[in-house]
Structures are given as structure tokens and as C-alpha cells.
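Asks:
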Ligand SMILES: CC(C)(COP(=O)(O)OP(=O)(O)OC[C@H]1O[C@@H](n2cnc3c(N)ncnc32)[C@H](O)[C@@H]1OP(=O)(O)O)[C@@H](O)C(=O)NCCC(=O)NCCS
Ligand SMILES: [Zn+2]
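Residue numbers (our numbering): 283 to 513.
1) Out of 314, 303 and 401, which has the shortest C-alpha to C-alpha gap to residue 358?
2) According to DSSP, which residues form a beta bridge with residue 364?
3) In this structure, what does DSSP give as the bridge partners for residue 311?
4) Are there three or more Cβ pairs, one per stretch, closer than 8 Å when the stretch 475 to 495 is compared with the stretch 376 to 393?
5) In angstroms, rounded to a whole number, what distance separates the CA positions of residue 509 and residue 298?
6) Using the C-alpha atoms, what's the distance from residue 430 back to residue 393?
7) Under 9 Å between the Cβ atoms of residue 347 and residue 360?
8) Assuming contact is defined by CB atoms lying nearer than 9 Å, are residue 434 and residue 391 in contact in what I supplied?
9) Measuring CB to CB, does residue 368 end up less than 9 Å from residue 386?
10) By how many angstroms is the C-alpha of residue 380 removed from the C-alpha of residue 330?
11) Assess contact between the stretch 486 to 503 and the stretch 402 to 412, defined as three or more Cβ pairs (one per stretch) separated by less than 8 Å. Is contact present?
12) DSSP puts residue 394 in a beta bridge; with which residues?
13) My understanding is that residue 325 touches residue 296, with C-beta atoms under 8 Å, so please give their C-beta distance in whole angstroms.
14) Is any heavy atom of ligand 3 found at a distance shorter than 8 Å from the C-beta of residue 349?
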């Protein structure tokens, strides 16, 4: 079972003492955010990860060792890694999500639907020709939401593998937004990938991928439960 923990910025009080549990890398990244909401989303992501692992390992959150090194450049902006757990973090709009499984690599992506975006413009670099055709056939008013469904499904997959947007998203073909989530083609990848949509809040799209043959079983939780108490 994959756990997905969601926090909502609009209702979740931010506790300044959470910063005490962060490591040097996290504090430096936190200090670099210019907008308060980016700062809050990052702090929430770090704190949820630390507390989930702390609970499982019966250790204080500050003693959890996390590795965020980017395989390309070594800077700490890569996928978050911890011993004994596979993790994926995503933030957008009102939501921060953390997916967790003991051994299967997972990828979580959430995006707030931005009705001002021009999906056909973005499609050129991120969608396969058949996906773009599907988008063109939709009413213009539906396109931002349909594009965001494509985007979160693809991002979830490339976050599970750790490729991120280095992957050529135009070659990763996923099912149409009105069909159940599935990877249809990805010649750049060997091995199984499972994909599901999640519906964490209105106005947002989210998807979860796992590198396994087994159908995904997801249980969602309210992160307020791990954020409420000092563990
Ligand atoms: C990170 C990424 C996969 C998704 O970004 P996004 O949709 O804007 O943001 P999300 O909130 O959904 O995801 C951010 C989280 O993804 C994780 N992440 C970062 N790189 C990742 C990767 N390669 N694979 C999986 N997860 C990754 C981090 O945990 C990050 O959370 P944090 O900021 O709290 O540390 C995408 O921006 C990306 O691929 N970036 C890297 C681009 C790159 O390779 N640049 C060159 C580096 S040298
Ligand atoms: Zn890098």
C-alpha cells in the first residue's frame, strides 16, 4: 500500500519551530524562497517527510538523514531520498503532497489548474502528437484542465524514475484525460510502471506512479495528523 499524505495551505497553520528540525541544506533552500507561499510549501514538504520517517523509525524528526543530491550537478535540488523508504514530494497551489512506500519507487505530482495557460503552446514540448490532437479536439475552455491531467500523469512517471523533466515527455504517451490513467508507450524506459489519478482538492489535478507490476493501492491521509504534535 502506498501512503499519500496531503496538507492544504489554506487551512494548515505553519509552525515556526518546524524549522528547528531541518538540516543545513533545507534551511538554505528555505531562506532562498522569495514568496511566503513557496517558503510555506517547502517547509510543509520537509516537515511531513521528516515526521513520517521519524514515526516509523522512532527517532526525532531532526535526526532523519535525507539526501537531495542531484545526480547531474550534485546540488541539493533532486529527488528526496532516505534509507528504508521511497518518497516523492509535490507542491502546487493549495496543496503539498508526500507519497511514501517502503520499497517501490513512487512519483507524485500535483498541479493547480491554471486557466490562463496556453496548453497548445506547452503541448509542443510536453505532449506526443496523438495527445496534442486530443487536446485540439477539446473545447478551448476544457484545455487547461485536460492539459494539466496529461502533465501530472507524465510528471508522476518521470518523478518515479527520478528523471524529472530531463526525460523527453513527448515520447512518454499516457492515456487521454477522460480515460483511466495509464502509460501507453515509453520507449526510453524498460520496466513496469503503474499510474493512477488522485483527486486531492477542487481546481487541482494529481497523479501517482509506481515502478511495479502490481496494480497501485493508495491510501490517502490528512497530513494535519502528523503536523499537529511535536513528535
Ligand atoms: C522537480 C520536477 C520533477 C517537478 O517539479 P514541479 O512539478 O515544478 O514541482 P513539484 O512540487 O511537483 O516537485 C518538486 C519536488 O520534486 C522532487 N524532485 C526534484 N527533482 C526530482 C527528480 N529528478 N525526480 C523526482 N523528484 C524530484 C523534490 O522532492 C522536489 O521537492 P522539494 O522542492 O521540496 O525538494 C521538475 O521540476 C524537474 O525535473 N526539475 C529538474 C530539472 C533539471 O533536471 N534541472 C537540471 C538540474 S542540474
Ligand atoms: Zn542539478
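Ideal Cβ positions, reconstructed from N, Cα and C, are used throughout, including at glycine.
These figures come from a predicted structure and were not determined experimentally.
Replies: In this structure, then:
1) 314
2) 367
3) According to DSSP, which records beta bridges pairwise, residue 311 is partnered with nothing at all.
4) yes
5) 12 Å
6) 7 Å
7) Contact: no.
8) yes
9) Yes, they are a contact pair.
10) 7 Å
11) no
12) 486
13) 7 Å
14) Ligands in the displayed structure: ligand 1 and ligand 2; ligand 3 is not one of them.
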